[in-house]
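Letter by letter, the sequence shown follows residues 33 to 453 in my numbering.
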Amino acid sequence: MIFRLVQKDLTLFLRKPQQLMVILLMPFVLITILGNALGSLGESTQSSLKANVIIAQEGNEEAETKKFAEEIANMPVPAEQKKAIIQGTEKLNPIAILKHNVLGSDVVKSMITVKEMTVKEAKKERKNKENTAVIIVPQNFSYEVLQHMFLKKKETPTLQVTYNEKKENAVKLVQDILSSYQKQLTLQSNLSQAVAKVPQEEGKIFGAVKAVHQEKPLSAIAYYTIAMSMMFVMYVASTMASYSYMDKEQHVYDRIIISNLSPYVYFGSIFCSTALIAFLQLSILFGLAALIYHVYWASIGLFFIVTASISLAVAGLGVFLAVLNFISGSSSASAIFSSVVVSILALIGGSFVPTSQLPASLQNLSEFVPNGAGLMAYLQVVQGYSFSDIQTSVVVLLLYGLVFLMLSVFVFNRRKGEVGI
């Protein structure tokens with residue numbers, strides 16, 4: 033029976049071309065206008081260039097330098113060469129150079145704020161949107177640097193850096209500074225090896241910086257494809273709620289009840305219809321964006337997980353609005369939602385402007401409204417994040433669907449006498 037009711041809702045929806053324009057044509061027109069008008073999205077819209085960098089160290093540089101010195105002391109080489117190498121290591125502390133000579137220089141300090149943390153704290157800060165980069169110095173980094181410089185070990189030690197690609201210009205600044213750091217290490221290596229008389233490859237740049245979770249930059253067309261879709265998917269809930277009230281006005285609901293069908297089956301069909309239409313709407317919008325604007329997803333599997341989660345959240349909301357319409361005896365609940373609440377949610381959720389440009393209080397709230405959680409999850413998927421990065425947003429969306437369903441049952445049971453049961 034639910035299948036037939038869902039079929040009825042889909043047929044009714046398809047026979048209303050104005051509704052198709054609202055959920056498909058309008059968002060796509062806005063995607064085209066906003067995406068092309070604003071060009072590349074990111075920190076380029078900000079007037080000043082500031083970067084926040086977190087640095088954490090797994091090992092102890094002093095102990096690693098001492099370990100290397102002991103290794104040199106036990107090598108079968110002339111005493112004078114041993115002495116020269118050990119003196120060279122005293123002036124070559126890679127992490128101290130990074131912290132004080134590079135990130136701590138007067139010029140850099142005016143543009144970059146550096147905070148030192150434990151490795152555990154730094155890993156948590158990777159998800160903080162305020163940070164530009166998180167640098168983790170692995171265990172034995174300094175020891176391996178010295179081995180590479182003086183003993184010509186082939187394995188190149190690397191720093192692990194996580195960049196926040198939403199801050200495009202600030203990331204470029206940090207990358208340039210780290211590149212300068214590599215060159216500075218190379219110069220220090222050349223000088224030290226010249227003193228120690230250790231042969232080296234001329235012109236070889238020392239070291240490497242390994243980017244961890246370095247996501248591709250986000251274009252404005254990709255952002256507004258997601259932002260507009262998250263705004264207009266909310267209209268599916270109000271539309272389906274108004275259709276259900278139309279069933280009540282035309283006595284379709286009464287005939288269903290007379291046929292000894294549970295009202296929960298009827299509202300279950302609304303849930304299924306709303307979820308299905310929302311899923312189809314998002315799939316069509318993103319499919320068109322892929323074909324026309326080349327907005328592609330790093331993981332199709334994660335894309336469908338997020339799309340299904342949003343569809344279920346919208347479906348729960350649609351049932352709740354339908355119940356409110358029934359008990360109020362009018363379609364006012366869905367009308368108020370579509371005319372007022374959707375606009376408020378769109379503002380908070382980042383559909384009009386990126387959440388980074390909102391006040392801090394609204395930025396924190398944006399991730400916990402349904403369209404904002406969906407926006408965040410989609411942005412992370414399109415940039416190549418893993419499921420562990422989006423799972424919070426997915427859980428929020430599923431909780432919205434569940435909570436709205438529970439509220440619907442609660443309100444309906446309390447007021448079912450007012451809807452003809």
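Where is the CB? At the ideal position from N, CA and C, for every residue including glycine.
Source: prediction; values computed, not measured.
Worksheet item: Do L407 and G382 have their C-beta atoms closer together than 8 Å?
Response: yes
Practice prompt. Could you tell me which of D208, L431, I63 sits nearest to A83, measuring between CA atoms?
Written response: D208
Worksheet entry | Three CB pairs or more closer than 8 Å across the region 263 to 282 and the region 354 to 367 | yes
Fill in: Given S370 as reference, the closest of L46, S270, L349 once Cα atoms are compared
S270
Item to complete: Using a threshold of 8 Å, state whether the C-beta atoms of M263 and N403 are closer than that.
Response: yes
Worksheet item: Below 8 Å between beta carbons: does that hold for V177 and V85?
Response: no
Practice prompt. Would you identify the three-state DSSP class for N84, choosing helix, strand or coil?
Written response: strand
Worksheet item: Which parts of the region 272 to 340 are runs of the alpha helix (DSSP H), unbroken and 4 residues or longer, counting only runs that do not cross its ends?
Response: 284 to 290, 295 to 325
Worksheet item: Within 10 angstroms of its Cβ, does D41 collect 16 or more other Cβ (buried), or is it exposed?
Response: buried
Item to complete: Identify, in the order they occur along the chain, each residue of the same chain with its Cβ nearer than 8 Å to the Cβ of G348, setting aside the five sequence neighbours on each side.
Response: F303, Y432, G433, L434, V435, F436, L437, S440
Item to complete: Go ahead and label N125 buried or exposed: buried means 16 or more other beta carbons lie within 10 angstroms of its beta carbon, across all protein chains shown.
Response: buried
Worksheet item: What does E148 pair with, by DSSP beta-bridge criteria?
Response: I87
Item to complete: Give the range of the alpha helix (DSSP H) segment to which V38 is assigned.
Response: 34 to 46
Practice prompt. Under 7 Å Cβ to Cβ from F419, same chain only, skipping five residues before and after it: list those, please.
Written response: L334
Fill in: Span separating the alpha-carbon of I289 from that of S251
51 Å
Item to complete: Please name the residue or residues paired with A165 in a DSSP beta bridge.
Response: V85, Y195
Discussion item. Contact between the region 339 to 346 and the region 309 to 316 is defined here as three or more beta-carbon pairs at a separation below 8 Å; is this criterion met?
Written reply: yes
Discussion item. For A462 and T164, I'd like the C-alpha separation in whole angstroms.
Written reply: The shown model of the chain, from 33 to 453, leaves out residue 462, and the question about it has no answer.
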